[in-house]
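Under the working numbering, think of the first position of the sequence shown as 24, with each following residue one higher.
To start, the structure under review is shown below, and the notes come after it.
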Amino acid sequence: MFIEQPAPYLRWIYPHALWRMDRYDQSVYLTFDDGPIPEVTPWVLDVLKHYGIKATFFMVGDNVRKHPEVFQMVKDGGHRLGNHTFHHIGGFRHGVGSYLRDVEEANKLIGSNLFRPPHGWMKTKQYRGVRKAGYQIVMWDLVTRDYSKRLNGHDVLLNVRNYARPGSIITFHDSLKSLDKLLYALPRSIDWLLSKGYQFKTL
């Protein structure tokens, strides 16, 4: 649970970030990190289209550069766009200046005021700098851990079933390392959430 659903004290580290939406609204917010890539993102878009769901895609700028046609597919599908840096850099390995330059380089291609830090962490000064630059920082209420080599698709589905709640910002990944879990867990997670009366909204 420490990873899947961050404890309250972790949320205090970035007090102005979005971790969870309205807890009194029976809605959830699907987000996808690390794309767009042609091997995974179009399949995710087909699943979302099948269910009539809009999501938010936190994109790596270099992937947008390499796969503009997939980026356009996300835009044409009416989904929200988010910035996930240009090189998917970890905040602890970079200074404030280089980190912010990477964010801005990505935003030249993505054009969004939403930002999610890779690996879910950044230094306090980077956090302040990103906010000062006008971005709304979005974290999560539930990370499915579809990226983990220790989990299978059923485990990822169980994470959704065990930790989703009203207002949850749910994080999947449209990446190669997540694909095998995603194929199993994404449609089944949506089916389960719908069976529990959840609506799907975008940030």
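Ideal Cβ placement from N, Cα and C applies to all residues, glycine included.
- Thr64 and Tyr32 have their C-alpha atoms spaced approximately 33 Å apart.
- Looking at Lys219, Leu174, Leu199, the one whose alpha-carbon comes closest to that of Pro59 is Leu199.
- Within the DSSP bridge table, the entry for Met82 names Asn106 as partners.
- Nearest neighbour of Gln222 by Cα position, chosen from Tyr47, Trp35, Trp42, Glu27, turns out to be Tyr47.
- If you ignore the 5 residues before and after Val179, its C-beta comes within less than 6 Å of the C-beta of Thr167, Asp169, Lys204, Ala208, all in its own chain and listed in chain order.
- When C-alpha distances from Ile112 are compared across Arg103, Pro140, Ser135, the shortest belongs to Pro140.
- At least 8 Å separates the beta-carbon of Leu53 from that of Ile26.
- Assignment of Val51 by DSSP, reduced to helix, strand and coil, places it in the strand class.
- For the segment 126-205, the continuous beta strand (DSSP E) assignments of 3+ residues that do not extend past its boundaries occur at 192-196, in sequence order.
- In the structure shown, Asp56 adopts extended strand secondary structure according to DSSP, grouped into three states.
- Under DSSP, Phe223 takes part in a beta bridge, and its partners are Val51.
- Separation of the CB atoms of Ile193 and Val161 is rounded to 12 Å, and the pair is thereby denied contact status at 8 Å.
- By DSSP's assignment, Leu71 forms no beta bridge with any residue.
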